[in-house]
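Comments concern the structure below.
Residue numbers (my numbering): 1 to 503.
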């Protein structure tokens with residue numbers, strides 16, 4: 001199965017025509033400008049690289065599901081949206097699609113004056129943009145469940161919906177300003193021939209001397225900080241009384257978002273130890289290093305873990321994915337609309353909301369999941385296409401002698417005992433792709449979302465990260481300390497002798 005096709009989309013179409021400034025709320029077949037030419041809504045979209053189906057599937061990639069749905073990505077998703085929007089609403093839309101590499105890259109682009117209407121950052125950047133007042137809320141119409149074209153609100157997972165409603169910035173829920181796209185957890189991708197499951201089930205594998213120079217760490221401050229906190233607070237996180245407490249999840253979130261000066265200092269010490277132990281800090285190379293066997297374990301996002309396991313399997317080489325027992329980071333990417341882009345232009349906002357809805361249509365959800373390897377926030381509601389796709393990927397076949405019942409109701413219906421969503425899967429999938437794409441309810445229970453940090457906290461952890469990545473006082477050889485000490489004694493002696501002569 002093809003997952004990632006390395007193709008950075010950049011400005012698919014040139015901006016032509018003027019931007020409509022009238023609201024589009026229903027199908028209109030004959031909207032024209034005074035000159036007789038159809039008016040075109042220009043929608044500027046910016047998202048992650050390799051994060052939307054580019055089409056051009058081969059015929060043997062056709063997906064035929066048990067519910068009768070057949071899926072084949074022929075055209076790029078953006079092109080299909082433009083055609084669908086015109087057929088549905090009678091308005092021409094032109095999508096200018098561009099990409100960013102990191103959340104910080106996106107923020108810098110916006111700060112430097114790049115203008116977009118719809119962007120897809122991660123949870124903490126969504127919180128930052130909300131805090132800064134840079135976003136406009138979704139319309140009431142977007143959440144109208146009676147509208148058949150509102151695929152997002154009618155299909156978003158109950159679990160994801162609750163997460164977006166419960167998390168707030170300045171008293172306002174994420175759901176007011178953000179619609180989810182993809183989600184996942186963080187964990188350890190590992191070679192089960194060399195690493196035991198128990199070893200992979202703790203963040204301590206990152207500074208375990210048994211794996212010196214054979215494990216990789218994420219090269220960003222938030223993911224690294226989270227893992228180090230898991231090591232720092234391991235005893236408390238695994239305390240059975242704490243786990244059984246009524247306020248467990250609230251306490252877990254508090255622990256994993258501790259940015260006090262004391263916690264930051266302790267995390268710095270742990271990260272400096274990890275730096276000495278790991279093969280590298282990496283952003284994208286960890287997958288290739290695992291597939292080639294260069295390293296034995298890799299701190300990884302669940303979607304990239306799926307890609308690596310798929311690629312390794314093609315070489316008859318098997319990798320597993322584990323989520324540490326201490327905790328895991330639950331992350332989301334979501335679509336938000338920018339004030340500087342859309343402003344008060346109702347036509348742009350309608351096109352932006354329609355774009356999100358089009359991507360949330362179950363058949364398009366499957367196209368994007370197949371193409372990029374990550375897990376959509378859409379469960380499908382009354383449409384079972386997304387679940388049937390999970391079955392198509394991971395359910396047990398006649399050749400599988402060892403199987404297990406794998407419940408997914410928490411995601412698809414909100415009830416983990418819902419018999420409609422209990423998959424019969426091969427036993428090994430409870431540690432591989434199925435587990436990475438749809439973690440068990442137990443994993444979800446011990447997950448925490450990293451919150452937005454204020455300016456003071458950001459300054460602390462950013463300085464800590466500079467200290468870790470650029471300089472480690474523990475790396476200074478003893479000979480240098482001896483030389484420095486002799487030099488200081490010599491300088492002090494010279495100064496003292498000078499003072500005596502002055503008398």
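By construction, the Cβ of each residue, glycine as well, lies at the ideal position given by its N, Cα and C atoms. Quick caveat: nothing in here was measured; it's all calculated off a predicted structure.
Residue 124 and residue 413 have their C-alpha atoms roughly 27 angstroms apart.
For residue 182, the enclosing beta strand (DSSP E) starts and ends at 178 to 190.
Per DSSP, residue 76 has no beta bridge partner at all. With fewer than 16 neighbouring CB atoms inside 10 Å of its own CB, residue 213 falls in the exposed class.
Going by C-alpha positions, residue 438 is about 21 angstroms away from residue 121. Contact check between the segment 333 to 348 and the segment 36 to 49: three or more CB pairs, one atom from each, fall below 8 angstroms, which counts as touching. Short of 7 angstroms from the beta carbon of residue 467, and not among the five residues preceding or following it, lie these beta carbons of its own chain, in chain order: 268. Around residue 92, the same chain offers 38, 40 and 86 as residues with beta carbons nearer than 6 angstroms, after the five sequence neighbours per side are excluded.
Unbroken beta strand (DSSP E) stretches of 3 residues or longer found wholly inside the segment 350 to 403: none. The C-alpha of residue 237 is placed about 8 angstroms away from the C-alpha of residue 230. Counting the other Cβ atoms within 10 Å of the Cβ of residue 373 gives 16 or more, which makes it buried. By the 16-neighbour rule on beta-carbons within 10 angstroms, residue 184 is buried. Restricting attention to 266, 448, 341 and 411, the CA atom closest to the CA of residue 111 is found in 341. Here residue 270 has 207, 228, 231 and 232 as same chain residues with Cβ atoms under 8 angstroms from its own Cβ, once five neighbours each way along the sequence are excluded. Note on geometry: alpha-carbon atoms of residue 317 and residue 209 lie some 25 angstroms from one another. Beyond the five residues adjoining it in sequence on each side, residue 334 comes within less than 7 angstroms, by CB distance, of 120, 126, 178, 179, 180 and 181 in the same chain, given in chain order. In the same chain as residue 365, and ignoring 5 residues on each side of it, the C-beta atoms closer than 6 angstroms to its own belong to 376, 378 and 386, in chain order.
With respect to the C-alpha of residue 326, the residue from 368, 426, 204 and 299 having the closest C-alpha is 204.
Sorting 457, 48, 449 and 50 by C-alpha distance to the C-alpha of residue 254 places 449 at the top. For the pair residue 302 and residue 197, the CB atoms are not nearer than the 8 angstroms cut-off. Among the bridge pairs identified by DSSP, residue 122 is matched with 333. Residue 73 places its beta carbon 8 angstroms or farther from that of residue 48. Between the alpha carbons of residue 411 and residue 370 lies a distance of about 19 angstroms. With fewer than 16 other CB atoms across the displayed protein chains lying within 10 angstroms of its CB, residue 487 is exposed. For residue 198, the enclosing alpha helix (DSSP H) stretches over residues 197 to 200.
At a Cβ-Cβ threshold of 8 angstroms, residue 150 and residue 357 count as neighbours. Partner residues in the beta bridge of residue 48, as assigned by DSSP, are 100. By the C-beta density criterion, residue 470 is exposed, having fewer than 16 other C-beta atoms within 10 angstroms. Along the length of the segment 401 to 446, whole beta strand (DSSP E) runs at least 3 residues long occupy 403 to 407 and 422 to 426, reported in chain order. In this structure, DSSP gives residue 301 an extended state, which the three-state scheme calls strand.
If you draw a straight line from the Cα of residue 278 to the Cα of residue 215, it is about 5 angstroms long.
Pairing residue 462 with residue 259 gives a Cβ-Cβ distance that is not under 8 angstroms. The beta carbon of residue 404 sits closer than 7 angstroms to those of 425, 427 and 430, all from its chain and outside the five residues before and after it, given in chain order.
By the neighbour-count definition (other C-beta atoms within 10 Å, threshold 16), residue 339 is an exposed residue. With contacts defined by Cβ atoms closer than 8 angstroms, residue 118 and residue 352 form a contacting pair.
For residue 155, the closest of 361, 447 and 408 by C-alpha to C-alpha distance is 361.
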